[in-house]
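J.: Next up is a structure, given as structure tokens.
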Amino acid sequence: MKATFKVYRFTPETDREPHYDTYTINAEPNERILDCLNKIRWQQDPTLSFRMSCAHGICGSDGLTINSQSALACQKLVKDYDYTKEILVEPLRYFCVVKDLIVDLKPFFERIKSITPQTPLSQVTVEPEKERIQTPEERSRFDDALKCILCACCYGACPVMTEQDEGFVGPAAVLREQRYIYDSRTTDAKERLEILKKPHGVWACKSYYMCTLVCPKNIKVTEAILRTKNKIITEQPKQDATGES
Ligand code: SF4
Ligand code: FES
């Protein structure tokens with residue numbers, strides 16, 4: 005069968021504005037969108053630029069906007085979309101385009117770094133005499149957060165980031181902090197919650213659930229954010245809980 009892809013193209017150094025190129029290729033319903041992009045690049049247009057590495061949903065490098073929703077190109081199949089029509093492939097929203105489908109992820113990693121306390125983890129953990137004991141129940145409190153592959157799909161999907169508060173630290177950053185806040189082996193949860201209470205922190209989230217919808221690892225991202233908000237409310241004086249003074 006034939007499948008047609010309408011692909012965003014932009015080279016900031018030479019193009020005045022972005023445009024779309026259309027490519028029709030032979031593709032099967034079970035083929036991945038990433039395979040189709042590779043076919044386009046190998047068979048029709050070697051100048052098409054996009055990131056990929058593992059091709060198996062591990063590295064998180066091929067986050068794109070496909071038919072207006074964030075997704076990993078290696079995890080989506082042609083049959084996941086209406087392939088009787090053009091399939092629209094664009095870069096992740098929110099980020100600046102470096103070339104075609106490649107975005108600059110610096111703001112993503114800066115945000116994750118910005119909410120991490122400066123004290124090294126080794127100085128805030130309880131040093132055990134033997135191994136660090138943790139019960140299955142204690143571990144299960146942050147199990148979901150460990151699945152994050154830092155693909156940034158949730159940033160491209162979040163209406164707060166794209167339309168309301170571009171300084172919001174973002175779903176993945178809050179999720180990463182939740183991983184430490186709920187870890188029984190660390191002792192700096194209070195400091196981490198203080199950072200999350202600041203402007204553009206956890207209270208900027210309006211629970212649109214788009215992060216949960218698009219997360220390729222099926223992490224309950226919004227639920228993790230709500231748990232963190234709840235922890236702030238229950239553990240801090242009430243007048244501080246909104247982040248307002
Ligand atoms: Fe990607 Fe999900 Fe992690 Fe967001 S929370 S960066 S969508 S894996
Ligand atoms: Fe690694 Fe898709 S290429 S997650």
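Residues in the sequence shown are numbered from 5 upward in steps of one, following our numbering. C-beta: ideal position from N, C-alpha, C; glycine also. Quick caveat, the model's predicted, so the values are computed rather than measured.
Aspartate 25 bridges to which residues according to DSSP?
T.: Locating residue 25 in the sequence shown gives position 21, where the first residue counts as 1. Aspartate 25 pairs with Val11.
J.: Let me confirm a value: arginine 97 is counted as buried when at least 16 other C-beta atoms fall within 10 Å, else exposed. Which label applies?
T.: Within the sequence shown, the letter at position 93 stands for residue 97. So arginine 97 ends up on the buried side.
J.: By alpha-carbon positions, which one of Ala59, Gln182 and Cys219 ends up nearest to leucine 200?
T.: Numbered from its first residue, the sequence shown carries residue 200 at position 196. It is Gln182 whose Cα lies nearest to the Cα of leucine 200.
J.: For the region 186-248, list the alpha helix (DSSP H) runs that are entirely contained and at least 4 residues long, ordered along the chain.
T.: Runs of the alpha helix (DSSP H) inside the region 186-248: 193-200, 214-218 and 225-239.
J.: Terminal residues of the continuous beta strand (DSSP E) containing leucine 2?
T.: The structure shown does not extend to residue 2, since the chain is modelled only from 5 to 249, so the question has no answer here.
J.: Classify serine 249 as buried or exposed, calling it buried when 16 or more other Cβ atoms lie within 10 Å of its own Cβ.
T.: As a first step, residue 249 must be located in the sequence shown, where it is residue number 245. Residue placement at serine 249 cannot be trusted, given a pLDDT of 39 that sits under 50; the coordinates are not used to answer.
J.: Serine 72 and leucine 92 look like a contact to me (Cβ under 8 Å); what is the Cβ gap, rounded to whole Å?
T.: For the purposes of this step, residue 72 is taken as residue 68 along the sequence shown, with counting starting at 1. For the purposes of this step, residue 92 is taken as residue 88 along the sequence shown, with counting starting at 1. The Cβ separation is near 7 Å, so the contact holds.
J.: Taking only three categories from DSSP, how would you classify threonine 69?
T.: Numbered from 1 along the sequence shown, position 65 holds the residue referred to as residue 69. Strand.
J.: Look at the Cβ atom of cysteine 158, then the Cβ atom of valine 218, and state whether they are nearer than 9 Å.
T.: Taking the sequence shown and counting its residues from 1, the one referred to as residue 158 is at position 154. Taking the sequence shown and counting its residues from 1, the one referred to as residue 218 is at position 214. Yes, Cβ-Cβ distance for cysteine 158 and valine 218 is below 9 Å.
J.: Taking glutamine 47 as the reference, give the member of Gly64, Lys89, Tyr27 and Pro33 with the closest Cα.
T.: As a working mapping, residue 47 is identified with position 43 in the sequence shown. It is Tyr27 whose Cα lies nearest to the Cα of glutamine 47.
J.: For serine 1, which residues in the same chain have their Cβ closer than 8 Å to its Cβ, ignoring the five residues on either side in sequence?
T.: Limits of the chain in this structure are 5 at one end and 249 at the other, which puts residue 1 out of reach.
J.: Just the C-alpha distance for glutamine 138 and leucine 81, rounded to the nearest angstrom, thanks.
T.: In the sequence shown, counting from the first residue as 1, residue 138 sits at position 134. In the sequence shown, counting from the first residue as 1, residue 81 sits at position 77. About 39 Å.
J.: Rounded to whole angstroms, what is the Cα-Cα separation between lysine 117 and methionine 5?
T.: Walking along the sequence shown from the start, residue 117 turns up at place 113. Walking along the sequence shown from the start, residue 5 turns up at place 1. Answer to the nearest angstrom: the Cα atoms are 46 Å apart.
J.: Rounded to a whole number of angstroms, what is the C-alpha to C-alpha distance between asparagine 42 and alanine 156?
T.: For the purposes of this step, residue 42 is identified with residue 38 of the sequence shown, where counting begins at 1. For the purposes of this step, residue 156 is identified with residue 152 of the sequence shown, where counting begins at 1. About 21 Å.
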